[in-house]
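S.K.: Quick one: the structure is below, questions incoming.
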Amino acid sequence: MMRQYELVERVKAYDPDACETTLNRAYVYATQKHGSQKRASGDPYFSHPIEVAGILTNYKLDCDTIITALLHDTIEDTDATPEEITKLFGTNIMKLVDGVTKLTQIELKSADSKQAENFRKLLLAMSEDIRVLLVKLADRLHNMRTLHYISKPEKRVRIAAETLEIYAPLAERIGMHDIKEELEDLAFQHINPEARDSILARLEFLREKDDNVVSRIVSELTEVISRQGLKVDIYGREKRPYSIWQKMQRKNITFGELSDIMAFRVLVDDMPNCYEVLGYLHANYKVVPGRFKDYISTPKPNGYRSIHTTVLGPENHRIEVQIRTRQMHEVNENGVAAHWAYKQEAPTGQQKEGVQYRWLRDLLDILEHASEPEEFLEHTKLAMFQDQVFCFSPKGDVIALPARATPVDFAYMIHTHIGDTCVGAKVNGAMVPLRTVLNNGDQVEIVTSKAQTPNPTWERFVVTGKARARIRRFIRQQQEDQYKDLGKAILQKAFRQEGYDYSDKALEGVLKIFKQPSVDALLTLVGAGHHTGREVVHAVFPGTKDKETARKVVPLDKVRARKHDHAIPIKGLIPGMAVHYAGCCHPLPGDRIVGIVTTGKGVTIHTIDCDTLETFTEQPERWLDVGWDNEGEPEHFIGRLGLTVGHEQGALSSITSVIAKNHGNITNLRFTNRTTDFFEMLIDIDVVDVKHLTNIIAALRATPVVNAVERARG
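The sequence shown lines up with residues 1 to 714 when you count with the UniProt record's numbering.
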């Protein structure tokens, strides 16, 4: 364990003006507060905050951050109070300690919702001061270094998985690559020890065969470049086990099929030298196609700048070479920690608007739009994990996107309003579908329309969390609006049945009974099926409950026979909204229908002759008179047909051809019975109404291979 004077000396070495008195006070205070507490390793608990502080001194962080590291567990695990820490160390340090303290519960939680909710806190805290994240990463790194002391294997695996899913990507996003790589390898050790040990054994075998290969390659590269009069420093190393494993999984190859397990860095004085070195390498060695990336002209969102190229280098070894200036190297390795080196101040509000903080602004935007913690965590993992492509706006701005991003993702990355109103896209000057996958270097122009709103089908192909969160938010708002309209229609019917005229004012007096803040909120609950129309009417007019008739069963025959003059019009709405179409009978426009209110799902539409309705005859309050709204553009519905077809060559081709000629689209086909002479099948077809399906049935009946065809219900 690092001693008190050793820690102070390390800080003073890079910051001679550091407050030695406050550092000493923090060391002593934390030692006293943690007292006799022990870690799983048996070491004194205080060894942990000391090690965390030591990790942060490697990045030459300011005195406040080092003190925060010493104190980060005192409020959570001791009798220390915020007031006491404020008095002894000041408001700024207390804010940092409080930010880290609120995040401690993110660890070791098995429930996704708790993990996600605490991750929200992490983003909010680090958006105020990103040094909170620096302390948290150092805290997690030391905990991972000592993870083997935890006795329960499932607990070790859970912590390791969380490290891979959250902390390693965050370390990469703020440019702290050495912490990211160590976190990945430590987690890999617990999640898949067999794979890691196998890779280590293969690396050791290669070293035993030729343990000087890296140094020989460094020597030759140095000689080749130095001949041109450039002063360079070259370093080489094997790639790390987890990085090798990732590549094997991504390309579905074995270790023996890997060609570039060595990486080399060339450090030069200035940017022009980077391109000179690149030219010398390409002039002397064969270039591997498709492996060149220029992150100097197009930096990564976290500020990373370097040229990457892969060549068949000395001794015909395939090697990756990274070329950068020494200043770029420091930023690449230390990331945002460089902002605080040598007592620099934390970034200002204006600096936080810069490109290196865009990823954080995007995550905060996702946080605002995601409704559930789990949904937010899903989007965030998506945003942090994926490889990137770099595209250009018509003005030449560089937009970084995850791999497989589409023009819709691009639009939302520019601005939420651009995404919401996106109707088309031009890629490299040509109109393309919105689901087109973008490639590196594409120039993308988004076409918008004020009349456009987010299309729920976009969610199927967008890949950015920002786009998904915004689309889902729109869908939820649409759903709430539909629930509200449906709830109003249900209550109007219920009021009318009791002989009263409906009014919003009548509902205001019962809002407290239903614990709702507004009439709209109550209507939404009724539309979603959480309250029936009769419940609300009884609350508004208590006397109606006493007059309720004894009828408890719906007379199904009479319901099917009577006209429905006051039916609520149902539009062909998108499944998953306020109206659902029953899979047991597949209702189509033109069918006589009835609605069944389902708690949490709004109304499920059945055909009037559906056998499932027998299930609800003793629940009259759930029945709703509905009818088709024939106004507007026709929607598409699923019609199901049952066919008996002769077992002969070309039969299926004949059937699909007839359906296509009648403008039907087959969405599913399933064989239900086969014999030597015939086979039976169910076909789901995209149609607009009953008439459309009837025309298809007539055409199929005229087809020689079809023995029988009828509309199927189940």
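Backbone N, C-alpha and C define an ideal beta-carbon position, used for all residues, glycine too.
For clarity, every value in this text was computed on a predicted model and none was experimentally measured.
1) Assuming R216 contacts P299 under a Cβ cut-off of 8 Å, what Cβ separation, rounded to an integer in Å, is found between them?
2) Tell me the rounded alpha-carbon separation between P456 and Q479.
3) Around the Cβ of K209, are there at least 16 other Cβ atoms within 10 angstroms (buried) or fewer (exposed)?
4) When you compare the CB positions of G236 and V214, do they come within less than 7 Å of one another, or not?
5) Tell me, please, whether the stretch 287 to 299 touches the stretch 310 to 329 by the rule of three or more beta-carbon pairs shorter than 8 Å.
6) From what residue to what residue does the alpha helix (DSSP H) around P49 run?
7) Taking just the CA atoms, how far does E680 sit from R713?
8) For a test of the three-state rule: what should DSSP assign to H308, helix, strand or coil?
9) CB N273 to CB V224, shorter than 7 Å?
10) What are the start and end residues of the alpha helix (DSSP H) that includes N332?
11) Can you tell me where the beta strand (DSSP E) holding D210 begins and where it ends?
12) What does DSSP give as the partner residues of N673 in its beta bridges?
13) Taking Cβ positions, are K180 and A168 nearer each other than 7 Å?
14) Does the beta carbon of A425 sit closer than 7 Å to a beta carbon anywhere in chain B?
15) In the DSSP assignment, what residue or residues form a beta bridge with P589?
16) Figure out for me which residue from L523, G499, R674, E20 has the closest Cα to the Cα of L507.
17) Measuring straight from C-alpha to C-alpha, what distance separates P587 and L682?
18) Could you pull the DSSP bridge partners for P44 from this structure?
19) Quick one, are the C-beta atoms of D686 and H647 less than 7 Å apart?
20) From the DSSP secondary-structure annotation, give me the bridge partner or partners of V709.
21) Kindly list the residues whose CB is nearer than 6 Å to the CB of T309, restricted to its own chain and excluding five residues on each side of it in sequence; keep chain order.
22) Considering only C-alpha positions, which residue in the set A430, V427, L434, G441 is nearest to V398?
23) Does the Cβ-Cβ distance between L491 and G533 come in under 7 Å?
24) Pick helix, strand or coil for residue 751, following the three-state DSSP scheme.
25) Start and end of the beta strand (DSSP E) containing E480?
26) Beta-carbon separation of A430 and P407 under 7 Å?
27) What residue range does the beta strand (DSSP E) around A606 cover?
28) Secondary structure at L511, three-state DSSP: helix, strand or coil?
29) Could you spell out the range, first to last residue, of the alpha helix (DSSP H) harbouring Y242?
30) At what residues does the alpha helix (DSSP H) containing residue 715 begin and finish?
31) In the DSSP output, what is I319 paired with across the bridge?
32) Return the first residue and the last residue of the beta strand (DSSP E) that V427 is part of.
33) Between which two residues does the beta strand (DSSP E) holding F264 run?
34) Please classify F410: is it buried, with 16 or more other beta-carbons within 10 angstroms of its beta-carbon, or exposed?
35) On the premise that T607 lies in contact with C585, defined as a C-beta separation below 8 Å, what is that separation, rounded to the nearest angstrom?
M.R.: Quick answer:
1) Going by Cβ atoms, the distance from R216 to P299 rounds to 33 Å, so no, they are not a contact pair.
2) Distance between the alpha carbons of P456 and Q479 is about 11 Å.
3) So K209 counts as exposed.
4) Yes.
5) The stretch 287 to 299, when compared against the stretch 310 to 329, does touch it at the 8 Å Cβ threshold.
6) For P49, the enclosing alpha helix (DSSP H) stretches over residues 47 to 57.
7) Going by the C-alpha atoms only, they are around 15 Å apart.
8) If DSSP states are grouped into helix, strand and coil, H308 belongs with the strands.
9) Contact: no.
10) That run of the alpha helix (DSSP H) goes 326 to 334.
11) Annotation for D210: no beta strand (DSSP E) segment contains it, and DSSP assigns it neither H nor E.
12) The beta-bridge partner set that DSSP reports for N673 consists of E680.
13) Closer than 7 Å, so yes.
14) You won't find chain B in this structure, because it holds only one protein chain.
15) Partner(s): D591.
16) Nearest C-alpha to L507: L523.
17) Each residue's Cα considered, the two are about 16 Å apart.
18) In DSSP, P44 forms a bridge with K38.
19) Inclusion of D686 and H647 in the CB contact set at 7 Å is not warranted, their separation being larger than that value.
20) Answer by DSSP bridge pairing, in chain order: L643.
21) Excluding positions up to five away in sequence, the list reads F292, V321.
22) Nearest C-alpha to V398 among A430, V427, L434, G441: G441.
23) Yes, the Cβ-Cβ distance between L491 and G533 is below 7 Å.
24) As displayed, the chain neither begins before 1 nor continues past 714, which places residue 751 out of reach and without an answer.
25) Under the DSSP assignment, E480 falls outside any beta strand (DSSP E), being part of the alpha helix (DSSP H) whose first and last residues are 465 to 497.
26) In this structure, A430 keeps its C-beta atom at 7 Å or more from the C-beta atom of P407.
27) The sequence given here places His at residue 606; Ala does not occur at that position. For H606, the enclosing beta strand (DSSP E) starts and ends at 602 to 607.
28) Looking at L511 - three-state DSSP - the assignment turns out to be coil, as it is neither helix nor strand.
29) If you look at Y242, you'll find it in the alpha helix (DSSP H) that goes 241 to 251.
30) Given that the chain is displayed from residue 1 to residue 714, the structure contains no residue 715 and the question cannot be resolved.
31) Beta-bridge pairing links I319 to V311.
32) Counting along the chain, the beta strand (DSSP E) containing V427 begins and ends at 422 to 427.
33) It spans 262 to 268 - the beta strand (DSSP E) in which F264 sits, taken as one unbroken run.
34) F410 counts as buried, since at least 16 other C-beta atoms from the protein chains shown sit within 10 angstroms of its C-beta.
35) In this structure C585 is in contact with T607, their Cβ atoms being roughly 4 Å apart against a cut-off of 8 Å.
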